[in-house]
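Okay, so the sequence shown: first residue is 61 according to our numbering, each after it adds one. Virtual Cβ for every residue (Gly too), placed ideally from N, Cα, C. Computed from a predicted model, the values in this text were never measured in an experiment. Heads up: the structure comes next, in structure tokens.
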Amino acid sequence: MVWLSPNLADLGDLAPKTHDSSGGDDDESWTNAILSSKVPNKIMLRLPRLASAGRSLLYNSTRSLIGSNRFSAYRLASTLVFAEHKDSKLEESTLNAVTAARKLGGPVTALIAGKDADKVAVSLADTEGVDKVVYVKDDAYEHSLPEDTAALIRAIREKIGATHIVGAHSATGKNVLPRLSALLDVQQISDVIGIEGEDVFVRPIYAGNAIATVKSADPIKVLTIRTTSFPAAGKSGDKKAESEESSAADKSALSEWKSESISKSDRPELASAKRVVSGGRAVKSADGFKVIYELADKIGAGVGASRAAVDAGYCDNSMQVGQTGKIVAPELYVAIGISGAIQHLAGMKDSKVIVAINKDPDAPIFQIADYGLVGDLFTIVPELTKKL
Ligand SMILES: Cc1cc2nc3c(=O)[nH]c(=O)nc-3n(C[C@H](O)[C@H](O)[C@H](O)COP(=O)(O)OP(=O)(O)OC[C@H]3O[C@@H](n4cnc5c(N)ncnc54)[C@H](O)[C@@H]3O)c2cc1C
């Protein structure tokens, strides 16, 4: 893999300040520098949040700076999408992966494996952008254990001669695709947020504080894509993709599925919720989280948390938002008693509208918030819930 932005130190004064998320002068000088082409054109960096118009202006401008790399040669790409399923249903994240695969230009084959793979294959065949579905109906793949699943993807890839393998940057994708990359002896390109050509990809680094454009020289590209960066593929209507059953690959005895314990909730799933209400350390206890749940239920939102709240045991770790938690980009994100550390911002800064409630007017979260309420959360949140 060739890094187009090899050394931040070379940027001198233009290098980003360590983790300044202020969105103030730094952002402005960066925007100006990039727009006036003072930034070497092989380097793309973006400081955190600008107003959304500014963000898209900056992003589009930086994209044009590397225009020579864009859409150059969609000649030979042929993509295999690793489809995920749960409870015999296609996972929504696969639809995002299909959109990303489509951007590579060539034909798209989707692979689904599990005990009800034939049923899930029907939804896949009905997905816009999927040219062919390969399904492997076998209990052994039901839980996507990386040892067996990676070997299966490798076998199917070989069979169809795919040049790219695309999966979601989900827990399953992050579990399976690195093993596949190792089997193929290629480097995985993780958390891709943009596809500029068949070998040029855009991905965040430094917890989203900089955006790198990377070029891969590997013969086979294995990508995990950030689902919030690619819209879900829709239904294909009358034009159904052809489906083909395939046999299982050799299985390994390296791992075995025992059981899983999943916290159940009637609330919208955090990763795909259109509205998210998150609580931080300031909520103080599991009991204190009631105010967060009450507001979330009032507006039909999923519930998230900062790592500090999770580590303190106020809520389940499946609720963690951030660099080491889930990445969300809902229409509305309400951060309550959350300071706005960069690791938290990495998971929510692409939300369309951000509301922050914090008693400290200087809390960094206000620098990326569209609306802010300064005050004690235990007074403000119940009042807000009542008024909504
Ligand atoms: C490698 C690494 C990975 C990490 N990954 C993540 C991650 O994925 N997600 C994540 O969230 N963090 C992550 N962190 C931790 C992160 O650095 C912060 O420590 C964490 O986000 C802080 O959580 P917080 O904002 O809830 O707590 P604090 O930083 O303690 O902030 C609490 C905020 O609540 C406000 N407050 C206090 N009382 C009240 C009140 N009564 N009413 C209103 N406001 C009040 C305070 O003013 C303060 O701003 C990671 C750290 C590291 C090193």
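**Study point:** Span separating the alpha-carbon of LEU448 from that of HIS404
**Key:** Counted from its first residue, the sequence shown places residue 448 at position 388. Counted from its first residue, the sequence shown places residue 404 at position 344. Cα to Cα, the separation comes out at about 27 Å.
Check your understanding: Closest by CA to TRP317, which one among ALA200, ALA137, VAL180?
Key -> What you label residue 317 is simply residue 257 of the sequence shown in a count that begins at 1. In terms of CA proximity to TRP317, ALA200 leads the group ALA200, ALA137, VAL180.
Check your understanding: Which residues have a Cβ closer than 5 Å to any heavy atom of ligand 1, listed in chain order?
Key -> GLY340, ARG341, ALA342, SER366, ARG367, ALA368, GLY382, GLN383, THR384, GLY385, GLY397, ILE398, SER399, ALA401, GLN403, HIS404, ASN418, LYS419, ASP420, ALA423, ASP436, LEU437
**Study point:** Member of LYS197, GLY339, ALA301, ARG217 whose CA lies at the smallest distance from the CA of SER138
**Key:** As a working note, residue 138 is residue 78 in the sequence shown. Checked all of LYS197, GLY339, ALA301, ARG217; the closest Cα to SER138 is ARG217.
Review point. In its own chain, which residues sit with a C-beta less than 6 Å from the C-beta of LYS295, not counting the 5 before and 5 after it?
Key: For the purposes of this step, residue 295 is taken as residue 235 along the sequence shown, with counting starting at 1. Around LYS295: ASP186.
Check your understanding: Which residues in the same chain have their Cβ closer than 8 Å to the Cβ of SER241, if we skip the five residues on either side of it in sequence?
Key -> Counting from one through the sequence shown, the residue named residue 241 turns up at place 181. The residues are GLN247, GLN248, VAL282.
**Study point:** For GLY257, three-class secondary structure by DSSP
**Key:** Position 197 of the sequence shown, counted from the start, is the residue given in the question as residue 257. The answer is coil: DSSP assigns GLY257 none of H, G, I, E or B.
Check your understanding: Pick from ALA395, ASP357, LEU184, SER366: whose alpha carbon is nearest that of ASP430?
Key -> To locate residue 430, count along the sequence shown from 1; it is residue 370. Cα-wise, what sits closest to ASP430 is ALA395.
Review point. Would you call the CB atoms of SER303 and LYS192 closer than 9 Å?
Key: As a working mapping, residue 303 is identified with position 243 in the sequence shown. As a working mapping, residue 192 is identified with position 132 in the sequence shown. Yes, the Cβ-Cβ distance between SER303 and LYS192 is below 9 Å.
Point to revise | Run of the alpha helix (DSSP H) containing LEU244, from where it starts to where it stops | key: To locate residue 244, count along the sequence shown from 1; it is residue 184. Unbroken alpha helix (DSSP H) run through LEU244: 231-244.
Review point. GLU354 to VAL413, Cα distance in whole Å?
Key: The count along the sequence shown starts at 1 and reaches residue 354 at position 294. The count along the sequence shown starts at 1 and reaches residue 413 at position 353. GLU354 and VAL413: Cα-Cα distance of roughly 20 Å.
Review point. So what does DSSP say about PRO289, is it helix, strand or coil?
Key: Reading the sequence shown from its first residue, position 229 is the one you call residue 289. In the sequence on display, residue 289 carries Ser and not Pro. Correct three-state label for SER289: helix.
Point to revise | For LEU244, the nearest candidate out of GLY268, ALA210, ASP251, VAL274 (CA to CA) | key: Numbered from its first residue, the sequence shown carries residue 244 at position 184. When only C-alpha atoms are compared, the closest one is ALA210.
Exercise for review: Please name the residue or residues paired with ARG214 in a DSSP beta bridge.
Suggested key: The residue given as residue 214 occupies position 154 in the sequence shown. As computed with DSSP, ARG214 is found in no beta bridge at all.
Review point. Based on the DSSP output, what are the partners of PHE426 in its beta bridges?
Key: Start at 1 with the first residue of the sequence shown, and residue 426 comes out as number 366. Partner(s): none; PHE426 has no beta bridge.
Check your understanding: How about VAL343 and GLY397: are their beta carbons less than 9 Å apart?
Key -> Your numbering for residue 343 matches position 283 in the sequence shown. Your numbering for residue 397 matches position 337 in the sequence shown. Contact flag set, yes.
Exercise for review: Could you check which residue in PRO167, PHE438, PRO206, LYS163 has the C-alpha nearest to that of GLU144?
Suggested key: Taking the first residue of the sequence shown as position 1, residue 144 is located at position 84. Closest by alpha carbon: PRO206.
Review point. If you count every other CB in all the chains shown that lies within 10 Å of the CB of ILE253, and 16 or more means buried, which is it?
Key: Taking the first residue of the sequence shown as position 1, residue 253 is located at position 193. When all chains shown are included, ILE253 counts as buried.
Check your understanding: What are the complete beta strand (DSSP E) segments, minimum 3 residues, inside the segment 122-196?
Key -> For the segment 122-196, whole beta strand (DSSP E) runs of length 3 or above, ordered along the chain, are 139-142, 168-174.
Exercise for review: For ASP259, count neighbouring C-beta atoms within 10 Å of its own C-beta (all shown protein chains included) and say buried if the count is 16 or more, exposed if not.
Suggested key: Here residue 259 corresponds to residue number 199 of the sequence shown, with the count starting at 1. With 16 or more other Cβ atoms within 10 Å, it is buried.
Point to revise | Spatial distance of GLY435 from ARG335 (CA atoms) | key: On the sequence shown, residue 435 is found 375 positions in, with the first residue counted as 1. On the sequence shown, residue 335 is found 275 positions in, with the first residue counted as 1. So the alpha carbons of these two residues sit roughly 22 Å apart.
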